[in-house]
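Chemist:
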Amino acid sequence: MLSNREKDPDEVALAAVRETEKLRLAAIRANDTNVMEVILDEKFIYISARGQIFDKRTYITAVHSHGLTYSDDVDLTETGYRADGDLVILVGQMRGHARIEGEQDVYNHRNMRVWRKRGREWKLLAWQSSEMLGG
Numbered sequence: 001m002l003s004n005r006e007k008d009p010d011e012v013a014l015a016a017v018r019e020t021e022k023l024r025l026a027a028i029r030a031n032d033t034n035v036m037e038v039i040l041d042e043k044f045i046y047i048s049a050r051g052q053i054f055d056k057r058t059y060i061t062a063v064h065s066h067g068l069t070y071s072d073d074v075d076l077t078e079t080g081y082r083a084d085g086d087l088v089i090l091v092g093q094m095r096g097h098a099r100i101e102g103e104q105d106v107y108n109h110r111n112m113r114v115w116r117k118r119g120r121e122w123k124l125l126a127w128q129s130s131e132m133l134g135g
């Protein structure tokens, strides 16, 4: 059993990622590419529920140019996680609205977010969304 002074490293990592995830959600709602630039890993990859693949540069460009614009009702939930050293995987749902190339999109996606510790900071390395059929 860990003493009060010793904390489970996975719990410490998970808490840090959850705090960074809050910043990311605020940045998504505000379409704030400056914050996204800091949070996304240089090796970031995102596969949307539509099957589009973005790296950091193409994702930031899409948001900055309003090719991808999130509404302020977008929400991320966490239904599960795995923490292992410098990796944390969050599993959950993304709900809300966005515009993709001007077309309204309603999000009801299951998703997985992979966070990696780089130095002292946690960065979003990968994000995968899948449409939830029938719900």
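Just so we're aligned: the sequence shown equals residues 1 to 135 in the UniProt record's numbering.
Glycine included, C-beta positions come from ideal geometry on N, C-alpha and C.
As the structure is a computational prediction, the values presented were derived from the model and not from experiment.
Give me the Cβ distance between V74 and Y107, rounded to the nearest whole Å; I'm assuming they're in contact under 8 Å.
Modeler: In the sequence shown, the residue the question calls residue 74 occupies position 74. In the sequence shown, the residue the question calls residue 107 occupies position 107. So it is a contact: roughly 7 Å between Cβ atoms.
Chemist: For H66, does the three-state DSSP call read helix, strand or coil?
Modeler: In the sequence shown, counting from the first residue as 1, residue 66 sits at position 66. Taken through DSSP and simplified to helix, strand or coil, H66 comes out as coil.
Chemist: By the three-class DSSP mapping on this structure, what secondary structure does M36 have?
Modeler: As a position in the sequence shown, residue 36 is number 36, starting the count at 1. Residue state, collapsed to three classes: helix.
Chemist: Return the residue from the list M132, R113, E131 that minimises the CA-CA distance to D41.
Modeler: Position 41 of the sequence shown holds residue 41. Taking only the C-alpha atoms, the option nearest D41 is R113.
Chemist: Per the DSSP calculation, Q52 is bridged to which residue(s)?
Modeler: Counted from its first residue, the sequence shown places residue 52 at position 52. Per DSSP, none; premise fails for Q52.
Chemist: For the stretch 118-134 against the stretch 35-49, do three or more pairs of beta-carbon atoms, one drawn from each stretch, fall closer than 8 Å, so that the two count as touching?
Modeler: Segments in contact, yes.
Chemist: What does DSSP give as the partner residues of M112 in its beta bridges?
Modeler: Locating residue 112 in the sequence shown gives position 112, counting from the first residue. M112 pairs with V91, Q128.
Chemist: Output the distance between the C-alpha atoms of E11 and Y81, rounded to the nearest integer angstrom.
Modeler: Here residue 11 corresponds to residue number 11 of the sequence shown, with the count starting at 1. Here residue 81 corresponds to residue number 81 of the sequence shown, with the count starting at 1. E11 and Y81: Cα-Cα distance of roughly 11 Å.
Chemist: For L23, which three-state DSSP category applies?
Modeler: Position 23 of the sequence shown, counted from the start, is the residue given in the question as residue 23. The answer is helix: DSSP assigns L23 an H, G or I state.
Chemist: Run through the DSSP bridge pairs and tell me what V106 is partnered with.
Modeler: Your numbering for residue 106 matches position 106 in the sequence shown. Its beta-bridge partners are H97.
Chemist: Beta-carbon within less than 7 Å of I60's beta-carbon, same chain only, minus the 5 sequence neighbours each way: which residues are those?
Modeler: To locate residue 60, count along the sequence shown from 1; it is residue 60. Around I60: T33, M36, E37.
Chemist: Assuming the contact rule is C-beta atoms closer than 8 Å, D86 and K117 should be a hit. Round their C-beta distance to whole Å, please.
Modeler: As a working mapping, residue 86 is identified with position 86 in the sequence shown. As a working mapping, residue 117 is identified with position 117 in the sequence shown. 4 Å between Cβ atoms; contact.
Chemist: Hey, how far is the Cα of S71 from the Cα of A15?
Modeler: Walking along the sequence shown from the start, residue 71 turns up at place 71. Walking along the sequence shown from the start, residue 15 turns up at place 15. Answer to the nearest angstrom: the Cα atoms are 26 Å apart.
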